[in-house]
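In what follows, a single structure is set out as structure tokens and then discussed.
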Amino acid sequence: MEAIRDIPYELAPEGLRRDIAVLMHQVWPEVSPLPDDAAIPNPHEEGWKVQSFYVYADGQLASYAGIVQKQITHRGAVFNIAGLSCVATDPAYRGRSLGHQTVAAATRWLERQPDVDFGIFTCHPSLAEFYDRAGGWRAVPDVLLIGSEEDGALTSDSLPVVVLQRLFSEKAKALGSQLRHTTINLDVPVGQFL
Ligand SMILES: CC(C)(COP(=O)(O)OP(=O)(O)OC[C@H]1O[C@@H](n2cnc3c(N)ncnc32)[C@H](O)[C@@H]1OP(=O)(O)O)[C@@H](O)C(=O)NCCC(=O)NCCS
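Count along the sequence shown starting at 1, add 2, and that's the number in this note's numbering.
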């Protein structure tokens, strides 16, 4: 078993990007096309800074998690936010703690980033405990996360998800009360979400 490794997605070698796309297709076939000779599909949305966390087992990409980052404005204050995205383990390798280790490594990396104010993303309610145990991510039922205010934007109250949040920077902690009992707008194109 190899250790969890990480690299900015944009610097990932072609073989790794191909393996990530194959894993995404295996886990989410409806929305993740297989790579072909012409292109390797990027599972992450345009416009986000992405750090990729991954582990190989038996020469296979066994588990993956992306950390995506962007800037938002909330109640007049600018925040650098980050979230976990495309978290997946190859079905043949599930239940061996690889997902836990990958999410834990990604969260530890986030804790060390001096410019990240807070983390926020959504997951199916059944996985809230998994993220809490792996990375101390807490469900915040009083926070509504919205893709944008556009018609058709994805929102946490229109999906079967819970919002998970962790405050990292001193600024986010000082303004913490503004980040609860509130609506947080990701300001992303319609169809994108976290
Ligand atoms: C979620 C996922 C990444 C976990 O990967 P994994 O490598 O099997 O994780 P671990 O072995 O570290 O398991 C961690 C724990 O989460 C639990 N768990 C995993 N999937 C679960 C689910 N869908 N519902 C409830 N609990 C789940 C496991 O039972 C395990 O608990 P245990 O340690 O008490 O047995 C994997 O199941 C997967 O790829 N699922 C499909 C994609 C997905 O839903 N991704 C998350 C998007 S937010």
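We treat Cβ as the ideally placed atom computed from N, Cα and C, and that holds for glycine.
query = What residues are listed by DSSP as bridge partners for Gln119?
reply = As written in the sequence, residue 119 is Asp, which differs from the Gln given in the question. Answer is none; Asp119 lacks a bridge partner.
ask   = Between Thr185 and Arg7, what straight-line distance do the alpha-carbon atoms span, to the nearest angstrom?
value = Distance between the alpha carbons of Thr185 and Arg7: 34 Å.
Buried/exposed call for Leu63, threshold 16 Cβ in 10 Å = With 16 or more Cβ atoms within 10 Å of its Cβ, Leu63 is classed as buried.
ask   = What is the rounded straight-line gap between the Cα of Ala14 and the Cα of Leu147?
value = If I take the Cα positions, the gap works out to 30 Å.
Span of the beta strand (DSSP E), counted from its first residue to its last, around Ala94 = Careful: Ala94 lies outside any beta strand (DSSP E) and carries neither H nor E.
key: Cβ pair Phe81, Phe120 closer than 8 Å   = Closer than 8 Å, so yes.
query = Taking 7 Å as the line, does the beta carbon of Ser54 fall inside it for any heavy atom of ligand 1?
reply = Not so, every heavy atom of ligand 1 lies at least 7 Å from the Cβ.
query = Anyone know if the C-beta pair for Thr109 and Leu100 falls short of 8 Å?
reply = The answer is no: Cβ separation not under 8 Å.
query = Does the beta carbon of Val29 fall short of 7 Å from some heavy atom of ligand 1?
reply = True, at least one ligand heavy atom lies under 7 Å from that Cβ.
key: Nearest residue (CA-CA) to Glu151, options Leu188, Glu113 and Arg182   = Ranking the options by Cα distance to Glu151, first place goes to Leu188.
key: Close Cβ partners of Ala67 (< 6 Å) along its chain, the five nearest in sequence each way excluded   = The answer, listed in chain order, is Phe55, Leu86, Val89, Thr104, Val105 and Ala108.
query = Hey, quick one: how far does the alpha helix (DSSP H) through Thr109 stretch, first residue to last?
reply = Its alpha helix (DSSP H) spans residues Leu100 to Glu113.
request  = Could you check the C-alpha separation between Gly178 and Ala41 for me, to the nearest Å?
outcome  = Near 42 Å, if we compare the C-alpha coordinates of Ala41 and Gly178.
inquiry  = If distances are taken between C-alpha atoms only, which option among Gln115, Gly193, Glu12 and Lys72 comes closest to Ala155?
reply    = Scanning Gln115, Gly193, Glu12 and Lys72 for the CA closest to the CA of Ala155 turns up Gly193.
ask   = Based on Cα-Cα distance, which residue from Asp38, Trp50 and Pro37 lies nearest to Tyr11?
value = Of Asp38, Trp50 and Pro37, the residue nearest in Cα terms is Trp50.
ask   = Quick one, which of Glu113, Lys72 and Gln53 has its alpha-carbon nearest Ser171's?
value = Among Glu113, Lys72 and Gln53, the Cα nearest to that of Ser171 is on Glu113.
key: Own chain residues within Cβ distance below 6 Å of Gln180, not counting five before or after   = Within the same chain, Gln180 has close Cβ partners Arg77.
key: Unbroken alpha helix (DSSP H) run spanning Gly178, endpoints   = Unbroken run through Gly178: none, as it is neither H nor E.
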